[in-house]
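Participant:
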Amino acid sequence: MIEKEVGDALRERGLTLSTAESCTGGLVAHRITNVSGSSDYYNGGVIAYANEVKVGILRVAREILKDKGAVSAECAKAMANGVRTLLDSDIGISTTGIAGPTGGTPDKPVGLVYIALATKEYVHHEKHIFRRDREGNKLEAADATLEMLKRYVLEVRKAKGLVAQKGRAAGF
Numbered sequence: 307m308i309e310k311e312v313g314d315a316l317r318e319r320g321l322t323l324s325t326a327e328s329c330t331g332g333l334v335a336h337r338i339t340n341v342s343g344s345s346d347y348y349n350g351g352v353i354a355y356a357n358e359v360k361v362g363i364l365r366v367a368r369e370i371l372k373d374k375g376a377v378s379a380e381c382a383k384a385m386a387n388g389v390r391t392l393l394d395s396d397i398g399i400s401t402t403g404i405a406g407p408t409g410g411t412p413d414k415p416v417g418l419v420y421i422a423l424a425t426k427e428y429v430h431h432e433k434h435i436f437r438r439d440r441e442g443n444k445l446e447a448a449d450a451t452l453e454m455l456k457r458y459v460l461e462v463r464k465a466k467g468l469v470a471q472k473g474r475a476a477g478f
């Protein structure tokens with residue numbers, strides 16, 4: 307189970323995590339907290355479905371929403387950094403996208419999801435397009451988010467001399 311593997315790695319490294327979710331609606335947090343002992347490393351999460359929550363709680367700049375939109379790499383990165391800061395975590399992860407079946411455009415189709423991971427020194431994002439129904443797109447997005455988190459945490463584990471207990475993984 308990936309969430310247990312991620313949790314064990316976070317605990318081993320002494321790292322904390324927080325989540326900001328839009329299109330996944332709390333599914334990532336649900337999976338993380340299904341692991342017994344997740345309170346050792348999981349600080350909490352924000353379901354930022356409405357733009358006002360993104361702005362008011364996560365401190366996403368209105369200009370990002372106006373210029374790039376809520377479904378954008380810039381918004382995902384701001385959400386991840388915002389939740390990391392808000393909940394005083396080492397790592398913040400976020401999801402924003404269009405689960406469907408409505409809401410898509412030619413430029414931003416149904417199934418488009420941006421995922422971001424932020425630390426104090428580092429922000430990384432990924433763009434995905436999933437081609438399933440609404441529930442399937444949410445499940446795929448949650449899986450991709452946990453996979454990205456796993457890759458990061460395992461890089462931190464490997465980068466012994468390059469990374470202190472908390473910080474940036476080289477080459478991620």
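Numbering (our numbering), first residue to last: 307 to 478. We put the beta carbon where it would ideally sit given N, CA and C, even for glycine.
1. Measuring CB to CB, does Y428 end up less than 7 Å from T402?
2. Going by DSSP, what residue range makes up the alpha helix (DSSP H) through I370?
3. State the Cα-Cα distance for the pair G351 and A386, rounded to the nearest angstrom.
4. If we call anything under 7 Å between Cβ atoms a contact, is T330 one with A450?
5. Where in the region 315-357 do unbroken runs of the alpha helix (DSSP H), each at least 4 residues long, occur, reported from the N-terminal end onward?
6. Quick check: the Cα distance between K414 and H430, rounded to an integer number of angstroms?
7. Given D396, which residues of its chain have a CB within under 8 Å of its CB, disregarding the five upstream and five downstream residues?
8. Between the beta-carbon of G410 and the beta-carbon of R440, is there less than 7 Å?
9. Closer than 7 Å, CB to CB, is T325 near chain D or not?
10. Which runs of the beta strand (DSSP E) fall wholly inside the region 389-465 and span at least 3 residues, in chain order?
11. Does the separation of the CB atoms of L455 and V359 fall below 7 Å?
12. Going by C-alpha to C-alpha distance, which of G375, V341, I370 and A382 sits closest to T325?
13. Is the distance from the Cβ of E309 to the Cβ of I353 below 7 Å?
14. Run the CB neighbour count on K444, radius 10 Å, all protein chains shown included, and call it buried at 16 or more, exposed below.
15. What is the rounded straight-line gap between the Cα of A384 and the Cα of D394?
16. Drop a sphere of 10 angstroms on the beta-carbon of G398, count the other beta-carbons inside from all chains shown, and report buried for 16 or more, exposed for fewer.
Facilitator: Looking at the coordinates:
1. no
2. R368 to D373
3. 10 Å
4. no
5. 333-339
6. 20 Å
7. L321, T322, L323, R390, T425, K426 and K472
8. no
9. Given the protein chain composition of this structure (a single chain), no chain D is represented.
10. 397-403, 418-424 and 429-435
11. no
12. A382
13. no
14. buried
15. 15 Å
16. buried
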